[in-house]
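The C-terminal position of the sequence shown is numbered 94 in my numbering, with every residue numbered one higher than the one before it.
For every residue, glycine included, the Cβ atom is placed at its ideal position computed from N, Cα and C.
Below you'll find the structure, written out as structure tokens, and then a few comments.
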Amino acid sequence: MKCPVDDTQLLVSERSGVEIDYCPGCRGVWLDRGELDKILDRATDTRAPSNPAPDSRDSHHGRSDSHHGRNGRRRRDGFLGELFDF
């Protein structure tokens, strides 16, 4: 199957039982019917507790931003990060 954006051959990867078609050129991601529902079901299963501890801005003083990697790009966390890390 070809990418509808740049006509590159799509690659297929299976992650956590979900088959993902992705384009190595534009990094677009395409899912088959029902695959998004599987992702959403699994994402809600791994969601954080409903009553997290209060956020304290002082607790992060002096630490680097843990949401960014070495290259300054936002680091993917959790189930969705692992699923779409190509």
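Scanning its chain for C-beta atoms nearer than 7 Å, with the 5 sequence neighbours on each side dropped, one finds around L19 the residues Y30, P32, in chain order. Around the beta carbon of C34, a 10 Å sphere encloses fewer than 16 other beta carbons of the protein chains shown; the residue is thus reported as exposed. Residue pairing by DSSP places L48 opposite no residue, since no beta bridge is assigned to it. For the pair R50 and D14, the Cα-to-Cα distance works out to about 31 Å. For S21, the uninterrupted beta strand (DSSP E) run begins and ends at 19 to 23, by DSSP. Cβ-Cβ separation between K10 and G25: approximately 25 Å, too far for a contact (criterion under 8 Å).
Contact annotation: E27 and E43 have beta-carbon atoms nearer than 8 Å. In the DSSP annotation of this structure, the continuous segment of the beta strand (DSSP E) that includes D29 starts and ends at 26 to 30.
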